[in-house]
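Each remark here refers to the structure printed beneath this line.
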Amino acid sequence: MEENKELSSQQKESEALGTMIEENVSQEIKTFNGVPHLLKGSTFANRFVIEERIGWNDTVGATYFALPLKSQKELILRVDSSERTSGLFVEAALLKLAESQKQHLFFTQFHSYDLTAKYPWLAMYYRGGPSLNDCLNFLENKQFSHGTAGRFAHDILSIIEFIHQNGFLMTKLDLEILSLDPCSRNVFLSDMSEVKVNPQKRQLRIKPVVGWKGYADYAPLSYHGQSELCQWDELESFFYVLYDMVVGKVPWRGKPLIQIENLKLFFGQEDNFKDLPAQYLELWNTVMESKKVETNDYSKLKQFCKEIFETVGGITDPDQNYDFEVDFPDLPEEELPRFVLEKTAIEEGATKEEKENGNAEAEDDMKEETSGDSEQNLIENAFDEKEEAVEA
């Protein structure tokens, strides 16, 4: 009996010592380029266990898969440098706005944050799904049908519209940062690291210059002309992405930068639209007209996308299979072939609101330790961050 007590005492002492060592290790965070490099299994902020680093762009911080200490919910944890004003204010503000305006289906869902810590961090719920580039590469001809491309384009425009209406710019748009959620069956923005405050939407004391950060293939003409990026330039980029999805490539792929610029200057010529239905040229003309009139109403653009998937693509139900989806109703789940995206059916008769509510997780810990910041406070900090960056 005494021997058992002694072993129990030693075990408790060992556990206590182990806890102390773990706490000390968690406090000694190694940094590279000012960004914390967290090891697998380590604890961060006494709240998260690090699983794996998945983002290596130090200019926007480090990105990790992580688990909360109190649950097994998979999270995306973004940790920024202590040596600069954090850009995470923009992401946090955007996510909270999406929640409050019931547009969370187009983004990842917010979990918690501490943006005033030594190493500012933001945690989001992990949302799985293939990128649109993965979906495209799944097809042999690397092209989407009008029915699939039109539905995707409608979702992408909804994302861009929300970002623009709330005073932000995407600054980057491609098929890698857009993903498909197989459950809610809509496109969402899976990477918000390059979203910036739109200085043209607010009376800033010092206005930073915001430029295009994405690939040259999808860059608007303003990028080639070395002009400041505006919201309507991103509609031009949107069309290049749509064109790529339907045709299989943009006309300037693989060309030198000067040739890309020249080809874009004459993109509206009929040769680029001769094999496409009339709705595409009408959509292009409307995109280019939107910058001249500086409209904030994107409903006409979205209507063209709807015509593309309904009238041209023959889609009568938005829940119809995408090009890369296959149904195997007679096969049990364990016998489903690999690399086939299985469609999760939406309950028959469900309203749009019920579908949205079914996708959103009602998590109690979602509101934990958010420092009480409102969306407006975060936006104020996001704008202030841009001013400080310019002054520095």
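Residue numbering for the sequence shown follows my numbering, starting at 8 and increasing by one per position. Heads up, the beta-carbon is just placed ideally off N, CA and C, and yes, glycines get one too.
{"Item": "Beta-carbon contacts of asparagine 40 that lie in its chain and below 7 Å, excluding the five residues immediately before and after", "Value": "Asp65"}
{"Item": "Burial state of arginine 85, where buried means 16 or more other Cβ atoms lie within 10 Å", "Value": "buried"}
{"Item": "Assigned secondary structure, methionine 177 (DSSP; H/G/I helix, E/B strand, else coil)", "Value": "coil"}
{"Item": "Straight-line Cα distance separating serine 119 from proline 416", "Value": "A query on residue 416 cannot be resolved here, the shown segment of the chain reaching from 8 to 399 and no further."}
{"Item": "Any 3 or more C-beta pairs closer than 8 Å across the segment 174–188 and the segment 219–231", "Value": "yes"}
{"Item": "Methionine 131 and leucine 211 closer than 8 Å at C-beta", "Value": "no"}
{"Item": "Same chain, Cβ closer than 7 Å to asparagine 279, neighbours up to 5 away in sequence not counted", "Value": "Pro258"}
{"Item": "Assigned exposure category for serine 229 - 16 Cβ within 10 Å defines buried", "Value": "buried"}
{"Item": "Lysine 103 and phenylalanine 117 closer than 8 Å at C-beta", "Value": "yes"}
{"Item": "Nearest candidate by alpha-carbon position, reference leucine 418, set Lys313, Gln150 and Asn140", "Value": "Residue numbering for the chain in the displayed model covers 8 to 399; residue 418 lies beyond these limits and cannot be assessed."}
{"Item": "DSSP three-state assignment for lysine 256, whether helix, strand or coil", "Value": "coil"}
{"Item": "Neighbour-count burial assignment, glycine 135, 16 or more Cβ in a 10 Å radius", "Value": "exposed"}
{"Item": "Cut-off 6 Å between Cβ atoms - residues of its own chain near leucine 249, not counting five sequence neighbours on either side", "Value": "Ala160"}
{"Item": "Valine 56 - DSSP class collapsed to helix/strand/coil", "Value": "strand"}
{"Item": "Cut-off 8 Å between Cβ atoms - residues of its own chain near serine 197, not counting five sequence neighbours on either side", "Value": "Thr115, Arg134, Gly136, Ser138, Ile184, Leu185 and Ser186"}
{"Item": "Glutamate 243 in three-state terms, based on DSSP", "Value": "helix"}
{"Item": "C-beta contact flag for valine 253 and phenylalanine 151 at 8 Å", "Value": "yes"}
{"Item": "Collapsed DSSP secondary structure at isoleucine 36 in the structure displayed", "Value": "coil"}
{"Item": "For glycine 157, the nearest candidate out of Ile57, Phe246 and Leu146 (CA to CA)", "Value": "Phe246"}
{"Item": "Per-residue DSSP class, three states only, for leucine 95", "Value": "helix"}
{"Item": "Euclidean distance between Cα positions of threonine 323 and glutamate 59", "Value": "42 Å"}
{"Item": "Rounded straight-line distance, which links the Cα of glutamate 317 to that of aspartate 87", "Value": "44 Å"}
{"Item": "Bridge-paired residues (DSSP) for glycine 62", "Value": "Thr70"}
{"Item": "DSSP beta-bridge partners of tyrosine 401", "Value": "What the structure shows of the chain is the stretch from 8 to 399, and residue 401 is not part of that stretch, so it cannot be assessed."}
{"Item": "Reduced DSSP secondary structure (H/G/I, E/B, other) of tyrosine 305", "Value": "coil"}
{"Item": "Cβ separation of serine 89 and lysine 125, assumed to be a contact under 8 Å, to the nearest whole Å", "Value": "5 Å"}
{"Item": "Valine 294 beta carbon less than 8 Å from that of leucine 308", "Value": "yes"}
{"Item": "Contact belief for aspartate 330 with leucine 146 at Cβ below 8 Å, rounded distance in angstroms", "Value": "6 Å"}
{"Item": "Neighbourhood of leucine 46 by C-beta, 8 Å cutoff - its chain only, sequence neighbours within 5 removed", "Value": "Ile57"}
{"Item": "Simplified DSSP state of phenylalanine 113, which is helix, strand or coil", "Value": "helix"}
{"Item": "Where the beta strand (DSSP E) through leucine 164 begins and ends", "Value": "No beta strand (DSSP E) contains leucine 164, which is instead part of the alpha helix (DSSP H) from 153–172."}
{"Item": "Bounding residues of the alpha helix (DSSP H) (the contiguous stretch that carries phenylalanine 145)", "Value": "139–145"}
{"Item": "Cross-strand partners of valine 42 (DSSP beta bridge)", "Value": "Phe39"}
{"Item": "Threonine 123 versus aspartate 240 - alpha carbon distance", "Value": "34 Å"}
{"Item": "Unbroken beta strand (DSSP E) run spanning leucine 185, endpoints", "Value": "185–188"}
{"Item": "Reduced DSSP category for asparagine 148 - H, G, I as helix; E, B as strand; rest coil", "Value": "coil"}
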